[in-house]
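Have a look at the structure below, then the notes.
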Amino acid sequence: MKFYYVYILKSINHDFIYVGFTENLKLRLKQHNNKEELSTKYYALFELIHYEAYRNEKDAKRREQYLKTTKGKTTLRFMLKEYLIKKKQH
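Okay, so the sequence shown: first residue is 1 according to the UniProt record's numbering, each after it adds one.
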């Protein structure tokens with residue numbers, strides 16, 4: 001059974017959140033933390049704070065694109081509100 005993942009990473013050292021798409025969540029997190037990705041290498045290290053699994057690639061990519069829009073970012077902040085508040089307090 002194949003899944004496609006939309007994932008959200010939070011930089012441990014910076015105020016930076018990244019939304020991405022992958023077929024292999026563990027490998028993708030490793031690539032981000034090893035600074036192998038140009039778009040995130042300056043913000044490493046990351047923790048995985050949320051992911052969604054889809055059976056259809058187009059559905060997952062559509063969700064990723066939505067979460068990168070202004071409305072999607074608002075949705076994301078609402079979905080993860082308690083987690084993000086707790087992180088800022090520590």
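Backbone N, C-alpha and C fix where the C-beta goes; we use that ideal spot for every residue, glycine too.
In the DSSP assignment, the residues bridged to Ala-53 are Tyr-5. The alpha-carbon of Ile-49 is positioned some 14 Å away from that of His-14. Note: Gly-20 is bridge-paired with Tyr-7 in the DSSP secondary-structure output.
For Asn-24 and Met-79, the gap between their C-alpha atoms comes out near 23 Å. Inclusion of Glu-37 and Ile-12 in the CB contact set at 8 Å is not warranted, their separation being larger than that value.
Your pair Lys-41 and Lys-35 checks out as a contact, with CB atoms roughly 4 Å apart and the cut at 8 Å.
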